[in-house]
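To start, the structure itself, in structure tokens.
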Amino acid sequence: MTLEVQREGEHSFVGRNERGAEVRLGRSGAEGAFSPAELLQIATAGCSAVTAEELITRRVGEDSKFRVAVTADRREGASELDAVHVSFDVDLSTLDPDKREALAGAVDRAIERLCTVRRTLTKGIPVTETFPGK
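Heads up, the sequence shown is in my numbering, so the first residue is 2 and it goes up one at a time.
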């Protein structure tokens, strides 16, 4: 599968997949767009949410709603993130404390084992680029 990013105008880009989904990208602070660093964070939180969904809904209820927030540490002026922090917000009031703890452990293990984005960030991988004339 090939993904692409196309320039639409000054500091305005659109990312697309082959299924027709689109996401707006731009510089940090661009109106109506995600910065690339924000997309990296969203991908991390999204991967965690998708990975944990079945575990949560099986124990809390099929129609349970939950939110996954994400923040990052970044040194002033740095062109890299130092850490990404993912936090689940899910109502576990229907579960007794032992079941809450068991669910938290199961979610942690599933994300560590199955979340492609988190595993990739933790591992660190080479990134290559090609450019005409190079």
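Don't be surprised by glycine CBs; every beta carbon is placed ideally from N, CA and C.
Exercise for the section: Could you tell me which residues DSSP pairs with Ala70 in its beta bridges? Expected result: Ser88
Handout entry: Where Val128 falls: helix, strand or coil (DSSP)
Key = coil
Exercise for the section: Take every Cβ of the region 110-118, pair it with every Cβ of the region 51-61, and state whether three or more of those distances are shorter than 8 Å. Expected result: yes
Exercise for the section: List the whole-angstrom C-beta distance separating Ala84 from Ala70, where the pair is believed to meet the contact cut-off of C-beta under 8 Å. Expected result: Incorrect: roughly 14 Å between the Cβ atoms, too far for contact.
Handout entry: Reference Arg101; option with closest CA among Gly16, Arg60, Asn18
Key = Arg60
Practice task
Apply the 10 Å Cβ neighbour rule to Phe132 and answer buried if 16 or more other Cβ atoms are within range, or exposed otherwise.
Solution key: Classification for Phe132: exposed.
Problem - Beta carbon of Val108 nearer than 8 Å to that of Leu26 - result: no
Handout entry: Beta-carbon gap between Val6 and Gly16 smaller than 8 Å
Key = yes
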